[in-house]
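Here the structure comes first, spelled out in structure tokens, and everything after it is commentary.
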Amino acid sequence: MPPEGIPLAEEILDFWFEDCKPWQWFHRNEKFDQSVSERFGALAATAQENGLIHWEVNQTSALALVLLLDQFSRQIWRDKGRAYRGDPMAQRLSQLALDQHWLQRDPHKAHRQFWLMPLLHAEHLETVSRAIPLLEKWVDVETADVARRNRDMLIKHGRYPWRDRALGR
530 MPPEGIPLAE EILDFWFEDC KPWQWFHRNE KFDQSVSERF GALAATAQEN
580 GLIHWEVNQT SALALVLLLD QFSRQIWRDK GRAYRGDPMA QRLSQLALDQ
630 HWLQRDPHKA HRQFWLMPLL HAEHLETVSR AIPLLEKWVD VETADVARRN
680 RDMLIKHGRY PWRDRALGR
């Protein structure tokens, strides 16, 4: 019998990496946001409330948890502060993936990219700076360039200004 949550975690991974097109991951699209919200909104809310912490023990379910906390939340709660509520947990999971060598052993570039996305999303200069060589090594130069632009924004502003309205600052 598979560990608890694995079939659901595999459904999340299949949705993101098989059913979705890469352009959907990064472009605003209300219809896509709505479909993510309808299908995974309740689960993402549970994840933000630490209700899926038991998923952290397995590479498959931990990556699904990263997607719920760092990606799906940005579709489900777009332009709202809640979109970023799961970021600290997702960043911790990125580090866990590195420590457990899950990222390094994952043969799928797209999986490695999303293991590292929480580090790229961090509003913490050292975290984003640390992500750059990891992205270059395990993903690609283009994604590392996005992290460089994020780093430059943090150097200039100390935050991501596009989040200001959602976060009430």
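Residue numbers (the working numbering): 530 to 698. Ideal placement from N, C-alpha and C gives every residue a C-beta, glycine not left out.
- DSSP, reduced to helix, strand and coil, places ASN587 outside both helices and strands of the structure shown, so it counts as coil.
- With a beta-carbon spacing of about 7 Å, LEU592 and PHE643 fall inside the 8 Å limit used to define contacts.
- Within the same chain, LEU654, VAL657, SER658 and ILE661 come within 8 Å of ARG680 by CB-CB distance, once the 5 residues on both sides are set aside.
- Shown here, HIS640 sits in a helix according to DSSP, grouped into three states.
- When the Cα atoms are used, GLU547 and GLN553 turn out to be separated by approximately 12 Å.
- Here TRP667 is near LEU645, since their CB atoms are less than 9 Å apart.
- The C-beta of ALA571 has fewer than 16 other C-beta atoms within 10 Å across all chains shown, which makes the residue exposed.
- It is roughly 23 Å from the alpha-carbon of TYR613 to the alpha-carbon of LEU537.
- Rounded to the nearest angstrom, the gap between the Cα atoms of ARG698 and GLN604 is 21 Å.
- Positions of the alpha helix (DSSP H) runs, each at least 4 residues long and wholly inside the region 597 to 675, are given as 602 to 605, 616 to 628, 631 to 634, 638 to 650 and 654 to 667 in order along the chain.
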